[in-house]
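K.L.:
Protein chains in written order, with my numbering: chain A, 7 to 110; chain B, 407 to 1051.
#1: Please report the Cβ distance between residue 963 of chain B and residue 707 of chain B, rounded to the nearest whole angstrom; I am assuming they are in contact, meaning their Cβ atoms lie under 8 Å.
#2: Helix, strand or coil: how does DSSP classify residue 585 of chain B here?
#3: Quick check on residue 63 of chain A: buried or exposed, where buried means 16 or more other Cβ atoms within 10 Å of its Cβ?
#4: Quick check on DSSP: helix, strand or coil for residue 438 of chain B?
#5: Taking residue 1045 of chain B as the query, report the chain A residues whose CB atoms sit under 9 Å from its CB, ordered along the chain.
#6: Cβ atoms of residue 775 of chain B and residue 884 of chain B: under 9 Å apart, would you say?
#7: Among B:751, B:903, B:763, B:637, which has the Cα closest to the Cα of residue 503 of chain B?
#8: For a contact meaning CB atoms closer than 9 Å, what does residue 33 of chain A contact in chain B?
#9: Could you tell me which residues DSSP pairs with residue 477 of chain B in its beta bridges?
#10: Rank B:667, B:676, B:665 by C-alpha distance to the C-alpha of residue 611 of chain B and give the top, closest one.
#11: In whole angstroms, give me the CA-to-CA distance for residue 82 of chain A and residue 999 of chain B.
#12: Give me, in chain order, the residues of the same chain whose beta-carbon lies closer than 6 Å to that of residue 20 of chain A; leave out the 5 immediate sequence neighbours on both sides.
#13: Run through DSSP, which three-state label would residue 773 of chain B get?
#14: So, residue 862 of chain B versus residue 562 of chain B, is the Cβ gap smaller than 9 Å?
#15: Measure from the C-beta of residue 1021 of chain B to each C-beta in chain A and report whether the shortest distance is under 9 Å.
#16: Anyone know if the C-beta pair for residue 535 of chain B and residue 494 of chain B falls short of 9 Å?
#17: Is residue 773 of chain B closer than 9 Å to residue 838 of chain B when the C-beta atoms are compared?
#18: Would you call residue 7 of chain A buried or exposed, if buried means 16 or more other Cβ atoms sit within 10 Å of its Cβ?
#19: For residue 687 of chain B, I'd like the list of residues in its chain whose CB is within less than 6 Å of its CB, leaving aside the five on either flank, ordered along the chain.
#20: How would you list, in chain order, the residues of chain B whose beta-carbon sits under 8 Å from the beta-carbon of residue 109 of chain A?
#21: On the criterion of 16 or more Cβ atoms from any shown chain inside 10 Å, does residue 716 of chain B qualify as buried, or is it exposed?
#22: Using only the alpha-carbon positions, how far apart do residue 1005 of chain B and residue 995 of chain B sit?
#23: Using DSSP bridges, identify the partner residues of residue 768 of chain B.
#24: Mind listing the chain B neighbours of residue 106 of chain A? Cutoff is C-beta to C-beta under 8 Å, in chain order.
#25: Note the first and the last residue of the continuous alpha helix (DSSP H) segment covering residue 812 of chain B.
#26: Please decide whether residue 102 of chain A counts as near chain B, where near means a Cβ-Cβ distance under 9 Å.
#27: Could you list which residues in chain B have their beta carbon closer than 8 Å to that of residue 29 of chain A, in chain order?
#28: Does the beta-carbon distance from residue 532 of chain B to residue 418 of chain B come in below 9 Å?
#29: Could you pull out every unbroken alpha helix (DSSP H) segment of at least 4 residues lying fully inside the segment 465-531 of chain B, listed in chain order?
#30: Hey, residue 691 of chain B and residue 646 of chain B are a contact pair by Cβ (cut 8 Å); roughly how many whole angstroms apart?
#31: Out of B:1022, B:1043, B:978, B:982, point me to the one whose CA is closest to residue 109 of chain A's CA.
#32: For the segment 967-977 of chain B against the segment 650-661 of chain B, do three or more pairs of beta-carbon atoms, one drawn from each stretch, fall closer than 8 Å, so that the two count as touching?
#33: Could you tell me whether the segment 629-643 of chain B touches the segment 513-526 of chain B, where touching means 3 or more Cβ pairs closer than 8 Å?
#34: For residue 540 of chain B, which residues does DSSP report across the bridge?
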């Protein structure tokens, strides 16, 4: 196990806080762009964990996976923003509370 | 040749299939030909088999062309038995059927459903021949049920008429009640004898009967119950008068000459068993005699020509059972044969009259037809004389034999004879009432009705049957009058076991008594005819005045003793309400309730579940998150169970 500059728990707590912030942001916020940003935050929290454990166990696979996650996150953000633009054109607002047509 | 007897029933079956599938396409002439030809072939084969049997040692031939059921502990083949009894039955059935088929070509020529008629008629002959040629109880039952089915199909032939449809159902249902008893009897036979093959059962009968006691009587009574259903005896006779809804040739064939005789045949076939169950045999005799008298009383007041003949059939069948019940098995079968001739002739003659009168069946609207329809009249008269028991016609020989045997047999009784004799008087009376009302006197029908003689296809069978009604009895001419009693001798081996058990060896009784009773029967017959002549030809007012003087009795007879109404009130209505109750409680309540309940449970569950999909965005996110938590948590839990649990 490679030593880290700071004890492991610090990284875990940081990642946890970041993740929770992201979750709370997704649930609570009404602005679609903020929701997308919170999703990115969740993804980066996981990336942090991946990198930390990759460093500790000297496993390059973790770092490779981060590359994948970043790429996918970028693509997903692009698609999400495209949908958001469509919604804005339709409704004139990006308040997610207005998206309630799929009832029943 | 005898090993081909099993092919005899197959020809009419072929006719059924051909006419059933192609009849509509072929047209009337081909249908007529196919139907009649197949039955004729069966008749020719029956004749050939009969002659082959005469030369066959032992005069008993069994052939089992195919295995049918072969399981552990039970086997039954499509087995056929050909002995004198089968031979007589096969000849009567195929012969009379053939004549009636020919008659039908004329009678049903204007009916649009003619192919269906001939298909069913052929199917009937198939089943009836199977019934009489069967060699075991199971195949007998197949034929038994089959003729019941065909009876239903043919009674309800004009099914668009509600009364005909109802009559068909009534016949079938009442029959089924008897069949239920018959089926139980077969089960009991199999249980105690281990087989359903006739020869094996009859061979084991004495030994088994000794150990059985009461069960043997039960078997006898249950078999007889089946016979009462099929052969219209008390208590299951009620379907036969209604069965007159069917076309008249059907009434002639099925409800006079053949199907209704199946019960008589069955009891005769099981003579060995009945002989070992004296109580059952006595029941047969008593019910036979009672039915004979009972039905004859009802025939006295009927105004429909076919209804008179229907009650007459019930009455004559009673005579046959009376004969069987006193141990005179051959006499019962003899009367079966002669009755087939003259009763078929009576029905066919009635059909000829109905045809000529443009479907009028009410006797009160006929009269004076003997001049317009000579052939019909003379053959009808011959048949009436035969059934009345006037010598030397066929009916006299067979009926007189029954009366004599019911008096003289060791298990007979003078009271049975008395009932039979009284019935004979009534028979002569009501038959000639019919003759005089229909054919004599002044015409009582409308002026635009012009009855004329029927075509040859109708007249020829009448003539042939007329001849048979005259000479048919001569093969059983009693020894007391110098005859050879060949019929009885021919059938003797079939009933040997029964005769031995019942102690009915060769008659040694003095012929004087026999002559005396014979003369008495003839006197009664002539008296009945004279009585009818007085009331319906010379002074019709006499009949009317008697009717006015005894209105109660007249109402009782005209309403058939209200038996149908009694059955309706006591049996049918309670049963129907029971069925309705079961229907409501069980079928609607439980079964439908379960099915509908499941459906509505699914529906309400779904309705609740639908509330989850609100369509709101943030609710969707929340449920998504919750789901993730649950899924991951479960995965971790499972994972840790394996590693550290």
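A virtual CB, placed ideally from N, CA and C, is assigned to each residue, including glycine.
Model, not experiment: these values are computed from the prediction.
P.N.:
Reading off the structure:
#1: With 8 Å as the limit, residue 963 of chain B and residue 707 of chain B qualify as a contact, their Cβ atoms being about 5 Å apart.
#2: Reduced to three states, the DSSP call for residue 585 of chain B is helix.
#3: Residue 63 of chain A comes out exposed.
#4: DSSP places residue 438 of chain B in helix when its eight states are reduced to three.
#5: Within 9 Å Cβ-Cβ: nothing; residue 1045 of chain B doesn't reach chain A, min ~17 Å.
#6: Going by beta carbons, residue 884 of chain B and residue 775 of chain B fall outside the 9 Å limit.
#7: Closest in C-alpha terms to residue 503 of chain B, from the list B:751, B:903, B:763, B:637, comes B:751.
#8: Ordered by position in chain B, the residues that pass the 9 Å Cβ test against residue 33 of chain A are 1024, 1027, 1028, 1031.
#9: In the DSSP output, where bridge partners are listed per residue, residue 477 of chain B has B:480.
#10: Selected option, being the one with the closest Cα: B:676.
#11: Residue 82 of chain A and residue 999 of chain B: Cα-Cα distance of roughly 53 Å.
#12: Here residue 20 of chain A has no same chain residue with a Cβ atom under 6 Å from its own Cβ, once five neighbours each way along the sequence are excluded.
#13: In the structure shown, residue 773 of chain B adopts coil according to DSSP, grouped into three states.
#14: Against a cut-off of 9 Å, the Cβ pair of residue 562 of chain B and residue 862 of chain B comes out as no contact.
#15: With 9 Å as the cut-off, residue 1021 of chain B counts as an interface residue toward chain A.
#16: Contact flag unset, no.
#17: Not a contact, by the Cβ cut-off of 9 Å.
#18: So residue 7 of chain A counts as exposed.
#19: Non-local C-beta neighbours of residue 687 of chain B in its own chain, meaning closer than 6 Å and more than five positions away in sequence, comprise 680, 731, ordered along the chain.
#20: Near residue 109 of chain A (Cβ distances below 8 Å), the residues of chain B are 1019, 1020, 1021.
#21: Buried is the call here.
#22: Using only the alpha carbons, I get a separation of about 15 Å.
#23: Looking at the DSSP assignment, residue 768 of chain B forms a beta bridge with B:710.
#24: Ordered by position in chain B, the residues that pass the 8 Å Cβ test against residue 106 of chain A are 1020, 1021, 1022, 1023.
#25: It spans 800-814 - the alpha helix (DSSP H) in which residue 812 of chain B sits, taken as one unbroken run.
#26: Judged by the 9 Å Cβ criterion, residue 102 of chain A is in contact with chain B.
#27: Listed along chain B are 1031, each with a C-beta nearer than 8 Å to that of residue 29 of chain A.
#28: The answer is yes: Cβ separation under 9 Å.
#29: Correct list: 490-513.
#30: By a beta-carbon distance limit of 8 Å, residue 691 of chain B does not contact residue 646 of chain B. Their separation comes to about 21 Å.
#31: That would be B:1022, whose Cα lies nearest to the Cα of residue 109 of chain A.
#32: They do not touch, by the three-pair rule.
#33: No, they do not touch.
#34: Among the bridge pairs identified by DSSP, residue 540 of chain B is matched with B:486.
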